[in-house]
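Here the structure is laid out as structure tokens; the discussion comes afterwards.
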Amino acid sequence: MAEAAYQAPHLPEKKMSKNFVQDGKNVDWLNGTGKVVSSGDLVVQDNLIGVAHADIPDGDVGILHTTGVFSLPKEAEALTQGKLVYFKADTATLTATKSGNTLVGTVWCNAETSDATVCVRLGY
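So for the sequence shown, our numbering puts the first residue at 32; every next one is plus one.
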């Protein structure tokens, strides 16, 4: 005689609110920069911060990751875990200097002055 299939206890059905759109972990983005945005590049458009999933030719739509930890170029400064970092537009690097720069996220692991990159949790 075959065993009966296991049935989990009844759990209430999970429903999203009627206005839920998505989890926000990525976003479709139209590249209007005039150049190809390469996979792994940081994109800063006003307050939208993301990292390109794949190469995005100018005029095309591609996916930006808006959360997660990424290794990104930084200024020649030491950055410690937990510190907020900002995008410095003139050098396209990250810095601890808030004034005039756009918040990118939080340093995930220490980086020395001589390190070219730092691991950053986007938007956190």
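Glycine residues also receive a C-beta, built at the ideal position from the N, C-alpha and C atoms.
- By the neighbour-count criterion, in which a residue is buried when 16 or more other Cβ atoms sit within 10 angstroms of its Cβ, F101 is buried.
- Exclusion of the five residues before and after R152 leaves V100, G136, T137, W139 as the residues of its chain whose Cβ lies within less than 6 Å of its Cβ.
- Boundaries of the beta strand (DSSP E) harbouring Y117: 115-119, taken from the DSSP string.
- The region 81-94 and the region 59-72 touch, with three or more beta-carbon pairs separated by less than 8 Å.
- Around the CB of Y117, 16 or more other CB atoms lie within 10 Å, so the residue is classed as buried.
- When secondary structure is reduced to three states using DSSP, D86 falls in the coil class, being assigned neither helix nor strand.
- Bounds of any beta strand (DSSP E) do not take in S69, whose DSSP letter is neither H nor E.
- Nearest Cα to G154 within the set F51, K46, G81: G81.
- Beyond the five residues adjoining it in sequence on each side, S145 comes within less than 8 Å, by CB distance, of A107 in the same chain, given in chain order.
- C150 has its alpha-carbon roughly 10 Å from the corresponding atom of L125.
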